[in-house]
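K.L.:
Okay, here's the structure, questions in a sec.
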Ligand SMILES: [Zn+2]
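In the numbering used here, the protein residues as written are 891 to 1070.
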């Protein structure tokens, strides 16, 4: 891998999705620009670069700052006495948060997996919900949502889906760990 590419990971879909969830679409642009630049930038510069209003950039930066992803440095302008803010992105914090979030999602899927393997599920033909035997029996095998009769639900396909989802997520996590 060329030296310039090292420690660059904002382009990973997993990371972009996370940034979007924190600060909207513009958060991806802000982080990408900061990563490329490699040093602190002003909100004006970001606004110009991304063709957005400075207020919009500030909103994004504040959201990122709230999660500890963006940080700023305040310096006094000697000419006019105003304060200048320059912003940076804490990439280590992004990695930390993304890995945390992924781990949680993987664990939730694993719980579902165990559940699917060990219990018998029932569902109506509309597939409103998949209920375990005990609960389906309480409803006398009538779907609580649409009233249709519930039959046993084949969980095999669902388990395969969950399995490949987990594999995919582990792969993404591995990729991030390698680049970060
Ligand atoms: Zn139903």
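Don't be surprised by glycine CBs; every beta carbon is placed ideally from N, CA and C.
From a predicted model like this one, the values you see are computed outputs, not experimental measurements.
Contact between the region 944–957 and the region 910–928 is defined here as three or more beta-carbon pairs at a separation below 8 Å; is this criterion met?
P.N.:
Yes: the two stretches touch, three or more of their Cβ pairs being nearer than 8 Å.
K.L.:
What does DSSP give as the partner residues of residue 974 in its beta bridges?
P.N.:
Answer is 965, bridged to residue 974.
K.L.:
Where residue 1048 and residue 964 are concerned, what is the direct C-alpha to C-alpha distance, given to the nearest angstrom?
P.N.:
Using only the alpha carbons, I get a separation of about 52 Å.
K.L.:
Quick one: Cα of residue 1022 to Cα of residue 1043, how far?
P.N.:
If you take the alpha carbons of residue 1022 and residue 1043, they lie about 9 Å apart.
K.L.:
May I have a chain-ordered list of the alpha helix (DSSP H) segments no shorter than 4 residues that lie completely inside the region 905–956?
P.N.:
Fully enclosed alpha helix (DSSP H) runs of 4 or longer: 915–927, 933–940 and 944–956.
K.L.:
CB of residue 1016 to nearest heavy atom of ligand 1: below 7 Å?
P.N.:
Yes, Cβ of residue 1016 sits closer than 7 Å to a heavy atom of ligand 1.
K.L.:
Flag residue 1033 as yes if its beta-carbon sits less than 8 Å from any beta-carbon of chain D, otherwise no.
P.N.:
In the structure shown, chain D cannot be found, because there is only a single protein chain.
K.L.:
Three-state secondary structure (DSSP) at residue 988?
P.N.:
In this structure, residue 988 counts as helix in the three-state DSSP scheme.
K.L.:
Nearest-angstrom Cα distance between residue 962 and residue 1064?
P.N.:
Each residue's alpha carbon lies about 30 Å from the other.
K.L.:
What does a CB cutoff of less than 6 Å around residue 932 pick up in its chain, not counting 5 residues either side in sequence?
P.N.:
Correct list, in chain order: 976.
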